[in-house]
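Residue 211 is where the sequence shown starts when you use our numbering, and the numbers rise one by one after that.
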Amino acid sequence: MGIEELVEAYSKTGFNGRQLGEAAKLFGKMISEDATICLTISGALTPVGFGGIFKELIERGLVDWIITTGANVYHEDHFAWGLPVRQGHHEVDDMQLYDKGIVRIRDVFIKFYETLEVEDQIMQRMFRDRLLDSSFTSAEFCNVIGEISSAKAPHPERSFVAAAHKYDVPVYVSTLKDSSLALNLAVHRLRGKEHSLDFVREILEQAAIVHGSKKSGIVELGGGVPKNAAQQTGPLLDQILRRDHGGQDYIIQVTDARPDTGGLSGATLQEGKSWGKVQDAHEGMVTVYSDATIAFPIMALYAMSVGGRRRHKRLYKNLGRLYSDLKDAYFSEPDKYYGLLGDDYNMGSWPKT
211 MGIEELVEAY SKTGFNGRQL GEAAKLFGKM ISEDATICLT ISGALTPVGF
261 GGIFKELIER GLVDWIITTG ANVYHEDHFA WGLPVRQGHH EVDDMQLYDK
311 GIVRIRDVFI KFYETLEVED QIMQRMFRDR LLDSSFTSAE FCNVIGEISS
361 AKAPHPERSF VAAAHKYDVP VYVSTLKDSS LALNLAVHRL RGKEHSLDFV
411 REILEQAAIV HGSKKSGIVE LGGGVPKNAA QQTGPLLDQI LRRDHGGQDY
461 IIQVTDARPD TGGLSGATLQ EGKSWGKVQD AHEGMVTVYS DATIAFPIMA
511 LYAMSVGGRR RHKRLYKNLG RLYSDLKDAY FSEPDKYYGL LGDDYNMGSW
561 PKT
């Protein structure tokens with residue numbers, strides 16, 4: 211049985227097996243319709259080796275842009291530089307690990323000195339003289355990592371960040387400060403060098419990608435901030451910029467979070483319609499309640515099997531044009547927003563409460 215037959219078998223069962231089959235097929239539909247596909251990655255999936263899957267999808271043109279946690283970028287760079295990451299066990303005395311200089315991510319072990327401290331030195335060296343002249347986005351930040359790792363690291367072929375640099379796939383880190391990536395900028399600030407993240411330009415770029423796409427979809431691994439950062443493009447376009455866009459055409463979510471607790475990670479995709487995050491509450495969406503390490507390899511292999519390869523959209527090189535297009539569209543219909551009177555914003559009177 212091949213992957214296509216396996217997915218077909220899943221889709222003819224029930225419960226989350228059926229959802230997995232339908233999610234894989236929807237991924238294939240996104241590809242066949244040439245949708246602009248965003249991959250969101252929560253948690254720390256690269257230490258368990260998923261960077262190889264992300265890299266393959268990038269190289270085949272099946273993922274066009276990425277929103278991730280900083281952990282996935284930071285730990286992915288270990289593989290490019292050949293730094294030790296090993297399988298361990300979740301039943302262990304963490305006091306002993308600490309004494310031996312080993313950090314743990316569930317059942318993955320990473321050397322404190324041989325890996326983390328070496329990686330910190332690499333990161334500090336990368337940004338000692340980069341991105342200092344003006345503000346930057348986290349996509350520009352990750353592009354620097356991909357550029358330098360491609361040129362200097364002994365194993366750039368092991369890094370999805372290096373592949374993203376090669377194929378102009380923007381990689382956004384939705385909470386850059388909440389990771390070792392940002393921690394390593396602290397030594398430069400203490401020496402008088404300032405790095406300034408332009409988070410407003412970042413959210414506008416992300417909305418501009420969606421605005422400039424004929425069709426747009428998201429594959430969400432987990433929830434958290436990456437999920438919201440991708441989905442909030444709809445409310446930015448409609449609620450704030452008043453573009454009447456409607457949100458994403460497709461969303462696939464793989465999560466183990468419950469919807470009844472009220473958290474964003476478990477919020478149903480249908481709920482997102484009320485915010486304008488998705489075009490239709492009745493179709494184009496599938497949620498798989500599963501561990502992403504189980505479900506995503508099946509979905510990805512199916513996408514590669516039916517999707518083959520696509521022309522790379524190279525969004526990173528086109529971000530400036532997409533941003534300008536969104537800006538022009540915003541100012542083309544002044545009646546849709548709290549408009550301009552000369553050079554002065556007329557925001558109207560304060561609303562009565």
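We put the beta carbon where it would ideally sit given N, CA and C, even for glycine.
Per DSSP, reduced to three states, the secondary structure at M495 is strand. If the five residues before and after I263 are omitted, its C-beta is found closer than 6 Å to the C-beta atoms of A510, all from its own chain and listed in chain order. For Y377 against R521, the beta-carbon gap comes to about 11 Å, at or over 8 Å, which does not count as contact. G457 and N353 have their C-alpha atoms spaced approximately 27 Å apart.
Shown here, G402 sits in coil according to DSSP, grouped into three states, outside any helix or strand. Counting other Cβ atoms within 10 Å of its Cβ, G280 reaches 16 or more and is therefore classed as buried. Closest in alpha carbon position to M333, among G356, R314, R316 and F346, is G356. Partner residues in the beta bridge of W275, as assigned by DSSP, are C248. Distance check between S384 and each of I419, K362, N438 and T503 places N438 closest, using alpha-carbon atoms only. Under the DSSP definition of a beta bridge, L431 partners with I251 and V464. Counting along the chain, the unbroken beta strand (DSSP E) around F319 starts and ends at V318 to K321. Going by C-alpha positions, S348 is about 42 Å away from M211. Take D470, set aside five residues on each side of it, and the residues of its chain with a beta-carbon closer than 8 Å to its own are G476, in chain order. Within the model, the alpha-carbon separation for Y284 versus K425 is close to 31 Å. Cβ neighbours of Y499 within its own chain (closer than 6 Å, five residues either side excluded): N226. For L479, the CB contacts under 7 Å within the same chain, skipping 5 residues up- and downstream, are I461, Q463, V488, M495 and T497 in chain order. Within the model, the alpha-carbon separation for Y526 versus I419 is close to 10 Å.
Just so you know, the alpha carbons of H421 and F319 end up roughly 42 Å apart. If you draw a straight line from the Cα of L342 to the Cα of F506, it comes to about 38 Å.
Within the same chain, and ignoring the five residues on either side of L446 in sequence, the residues whose Cβ sits closer than 7 Å to its Cβ are I413 and A417.
In the displayed model, F346 falls within a strand according to three-state DSSP. As DSSP reads the structure, R452 sits in no beta bridge. For Q297, the uninterrupted beta strand (DSSP E) segment begins and ends at V295 to Q297. In the structure shown, S242 falls within a helical segment according to DSSP collapsed to helix, strand and coil.
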